[in-house]
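Notes to accompany the following structure.
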Amino acid sequence: MKRFAETAAFATLAMLVHLILFAQTSDLGHEAGGAGGEALISLEAADATVAEMVEAWERPPQTPVPEPELSPLPAQDSHSVDFPRIEFAEGPRSEMRVAALPPVQSDTRPQLPPETARPLPVPSRSEPLPPPSEIALTASPRPPKRRDPPPTEAPETARKAEQNAPGRAAQRAAGAGGGSQAGQAARTATATASAGQEARAQAIWGARIRSRIERAKRYPRGTQASGEVRLAITVSTGGKLLGVRILRSSGNPVLDQAALDSVRRAGRFPAAPRELPQDSYVFSLAILLKR
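Residue numbering for the sequence shown is -23 to -1, 1 to 268, as defined by mature numbering (1 follows the signal peptide of the UniProt record, and there is no 0).
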């Protein structure tokens, strides 16, 4: 309704302005004589006031926007807020009883001094041990014959020096029990040294015998099996084969016979070293046969 009233007012105002302009132009025009003078009009620029009124009339009306009314905030109290205080009653106190520990008894035993580790005595080896081999050496069941070493003759210069030494009486080693035990300590040392030399000589001789059998070994025909045969070989000190037998079979008779044939095919073996005093020795030899 308000907008309609404003539109009607502006329309009326515009009509009045046009009427005023028309009246002024009609008064200021120059009349001409005759019938053609009525057709002449005079034009003149509009006044500034009229231009402002026309601009205001053509400008769209501004609708006022209502501003919301803000209620003032309540004033805050600067004092702190007092919270209600709750009083707690004191609860009963429980007493804890701890059992007393028994007194620690001191160790009254006498302290022994710490024992120091004593190094073990290392036995001295005068001769190196023979290299390990797969051949086990055993003594022959035959009774051995002792071979007395040939007597060594002392040099003539030593004999002359002993004879020419002044004031030296003849001496002879004698044991405490009489003449039968004379020089017993010397014979024991000699026997110990000869035992080590004999074991080493047996190992060297057994390795030579094994090498000869390995060269004569042949794999049997007509089979594809493989196995190990352990044999007992008796050999004289001269290198002659005295006997051979099976200690442990391979489970295949063809392989067992091939192992026996390898020993017999080897022929004569190398002679024993001089350090071996027995007539014959028995060797335990494992022969492996495979394709």
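Note that the Cβ used here is the ideal one computed from N, Cα and C, for glycine as well.
In this text the structure is predicted, and so the values were computed from the model without any measurement.
Identify the residues that DSSP records as bridge partners of residue i: which are they?
{"i": "L218", "result": "V212"}
{"i": "S257", "result": "S213"}
{"i": "R207", "result": "R225 and A263"}
Closest to residue i by CA distance: which of the options is it?
{"i": "G216", "options": "L208, V240, E(-18) and D233", "result": "V240"}
{"i": "S203", "options": "Q39, R222 and D233", "result": "D233"}
{"i": "S261", "options": "T200, I186, A209 and G199", "result": "A209"}
{"i": "V27", "options": "A193, G228, I(-4) and R195", "result": "I(-4)"}
{"i": "A243", "options": "R36, F(-2) and S188", "result": "S188"}
{"i": "R198", "options": "A263, V31, I190 and K267", "result": "K267"}
{"i": "R225", "options": "F(-2), I190, Y196 and I264", "result": "I264"}
Quick one: residues in its chain with C-beta nearer than 8 Å to the C-beta of residue i, no 5 flanking neighbours on either side, listed in chain order?
{"i": "E252", "result": "S171, Q174, E175, R177 and A178"}
{"i": "W182", "result": "P247, A249, P250, L253 and Y258"}
{"i": "P38", "result": "R(-21) and E(-18)"}
{"i": "R245", "result": "G216, K217 and L218"}
{"i": "T200", "result": "N229, V231 and L232"}
{"i": "D238", "result": "R195"}
{"i": "R222", "result": "L208 and A209"}
{"i": "M30", "result": "L(-11) and V(-7)"}
Please report how far the alpha carbon of residue i lies from the alpha carbon of residue j, in whole angstroms.
{"i": "D24", "j": "H(-6)", "result": "12 Å"}
{"i": "R207", "j": "A236", "result": "9 Å"}
{"i": "E44", "j": "A(-16)", "result": "28 Å"}
{"i": "R185", "j": "S227", "result": "24 Å"}
{"i": "L(-8)", "j": "T40", "result": "26 Å"}
{"i": "E32", "j": "E46", "result": "34 Å"}
{"i": "F(-2)", "j": "S48", "result": "56 Å"}
{"i": "E205", "j": "A180", "result": "22 Å"}
{"i": "R62", "j": "V42", "result": "53 Å"}
What residues in its chain sit with their C-beta under 7 Å from that of residue i, if we drop five residues either side in the sequence?
{"i": "W34", "result": "F(-14), L(-11) and A(-10)"}
{"i": "S213", "result": "L219, D256 and S257"}
{"i": "A193", "result": "S239, R242 and A243"}
{"i": "E191", "result": "none"}
{"i": "P118", "result": "Unreliable positioning characterises P118 in this predicted model, as indicated by a pLDDT of 42, which lies under 50. A coordinate reading is not provided."}
Terminal residues of the continuous alpha helix (DSSP H) containing residue i?
{"i": "L237", "result": "P230 to R242"}
{"i": "T26", "result": "A25 to E35"}
Between residue i and chain B, is the shortest Cβ-Cβ distance under 8 Å, so that the two count as touching?
{"i": "T200", "result": "Looking for chain B here will not work: only one protein chain is present."}
If you measure from the CB of residue i, is any heavy atom of the ligand PLP nearer than 7 Å?
{"i": "V206", "result": "The ligand content of the structure shown is nil, which means the ligand PLP is not present either."}
Got a sec? Which residues, its chain only, sit under 6 Å from residue i by beta carbon, not counting five neighbours each side?
{"i": "R36", "result": "none"}
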